[in-house]
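Visitor: Structure in structure tokens, see below.
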Ligand SMILES: O=C(O)CCC(=O)C(=O)O
Ligand SMILES: [Fe+2]
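Residue numbers (the working numbering): -12 to 314.
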């Protein structure tokens, strides 16, 4: 189950490298994304103070009494933002697997501003819906927004690595990403005082939907597992100071499945290691502009090869995936 060879990518080194070195480093990322699409990013430049503030405010929020948290709950089923209480989501359902609900709660927030010119009622009602902010803890909103903004910038920089990895100009994806509709989710997997139901885990096996996920797992925590190319579950080790990133379904589609959107899950803490530990994480789900047309990249097709997928618009594609998993 251990995965000692989990790849770690030095983003700062990439950004200051020569064109030839960038190409070589991009080649390594291409190799990883063909295999699992999961890697760690170090030297990412996000200030530790921004990370620590968002992390501790999220923890303080989850520590509030349930009735206080419910004050910022999503107003109806399928509403994308606000507090989603325990056992309201079963991620395995996105792959048509029926399981008891995941043992987690989350707080979810959308884009920080509404770009001018967005008129599509579906966009306004879905990804540009208001985030239902909690009144407590004090400073939550500021810390959240600072983290969101930092991760939006980081995502753009990682997409430049991806462009290089695909043999495209470094800024190829930039025009798709100037009004991204990313979502930030703080997750709390509560201490397990009662035994889970059969088949019930912290996050059921799923793939992510978008272009890129940037995950901040609790330092030292266990439980996140991915399916390896040989079909076994492998643990993603926590790497101090690094984010774990993975590509989602939209990126697989964009690359005509040259890159894989790997199935992953979060399992319950093993009984022989305390058994009940709480776990927290923060997941930033990066998603191109609502209107961005995602058509298979020519760079991912051999000469004369037909694309497996037709074009989709980023926003409606995401909305369709999202609606399948909320109970
Ligand atoms: O909490 C984690 O480590 C992973 C969560 C995850 O995969 C998700 O929410 O999509
Ligand atoms: Fe995920």
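Every residue, glycine too, gets a C-beta built ideally from N, C-alpha and C.
Hey, would you say the C-beta of residue 172 is under 8 angstroms away from at least one heavy atom of ligand 4?
Guide: With respect to ligand 4, the structure offers nothing, as its ligand set consists of ligand 1 and ligand 2.
Visitor: For residue 160, I'd like the list of residues in its chain whose CB is within less than 6 angstroms of its CB, leaving aside the five on either flank, ordered along the chain.
Guide: 146, 150.
Visitor: So is the beta-carbon of residue 305 under 8 angstroms away from any non-hydrogen atom of ligand 2?
Guide: Not so, every heavy atom of ligand 2 lies at least 8 angstroms from the Cβ.
Visitor: Would residue 81 be called buried (16 or more neighbouring beta carbons within 10 Å of its own) or exposed?
Guide: Answer is buried; the Cβ neighbour count reaches 16.
Visitor: For my contact list, residue 56 and residue 70 are in at a C-beta cut-off of 8 angstroms; report their separation, rounded to the angstrom.
Guide: So it is a contact: roughly 5 angstroms between Cβ atoms.
Visitor: Just the Cα atoms here: how many angstroms apart are residue 279 and residue 245?
Guide: Roughly 20 angstroms separates the two Cα atoms.
Visitor: What residue does the beta strand (DSSP E) around residue 271 start on, and which one ends it?
Guide: Run containing residue 271: 266 to 273, per the beta strand (DSSP E) assignment.
Visitor: So the candidates are 207, 241, 206, 183; which of them puts its Cα closest to the Cα of residue 263?
Guide: Ranking the options by Cα distance to residue 263, first place goes to 183.
Visitor: Regarding residue 253 and ligand 1, is the C-beta to nearest heavy atom distance less than 8 angstroms?
Guide: It does: the Cβ of residue 253 is within 8 angstroms (strictly closer) of some heavy atom of ligand 1.
Visitor: Classify residue 44: buried if its beta carbon has 16 or more other beta carbons within 10 angstroms, exposed otherwise.
Guide: Buried, by the Cβ-count rule.
Visitor: With a cut-off of 8 angstroms, do at least 3 Cβ pairs link the stretch 212 to 223 to the stretch 275 to 291?
Guide: The stretch 212 to 223, when compared against the stretch 275 to 291, does not touch it at the 8 angstroms Cβ threshold.
Visitor: Considering only DSSP beta bridges, list what residue 99 is partnered with.
Guide: DSSP, once it has assigned bridges, lists no residue as partnering residue 99.
Visitor: Helix, strand or coil for residue 14 per DSSP?
Guide: DSSP places residue 14 in helix when its eight states are reduced to three.
Visitor: Pick from 267, 66, 105: whose alpha carbon is nearest that of residue 167?
Guide: Nearest of 267, 66, 105 to residue 167, Cα basis: 105.
Visitor: Any chance the CB of residue 96 is under 8 angstroms from a heavy atom of ligand 1?
Guide: For ligand 1, not one heavy atom lies less than 8 angstroms from the Cβ of residue 96.
Visitor: Under the DSSP definition of a beta bridge, which residues are partnered with residue 60?
Guide: Note: residue 60 sits in a beta bridge opposite 70.
Visitor: Curious, which full-length alpha helix (DSSP H) runs of at least 4 residues does the stretch 25 to 62 contain?
Guide: You should have 35 to 49, 53 to 57.
Visitor: Residue 301 by DSSP, collapsed to three states: which one?
Guide: The answer is helix: DSSP assigns residue 301 an H, G or I state.
Visitor: Report buried or exposed for residue 114, applying the criterion of at least 16 other Cβ atoms within 10 angstroms of its Cβ.
Guide: With 16 or more other Cβ atoms within 10 Å, it is buried.
Visitor: Please confirm if the stretch 27 to 45 is in contact with the stretch 124 to 133, defined as three or more CB-CB distances below 8 angstroms between the two stretches.
Guide: The stretch 27 to 45 is in contact with the stretch 124 to 133.
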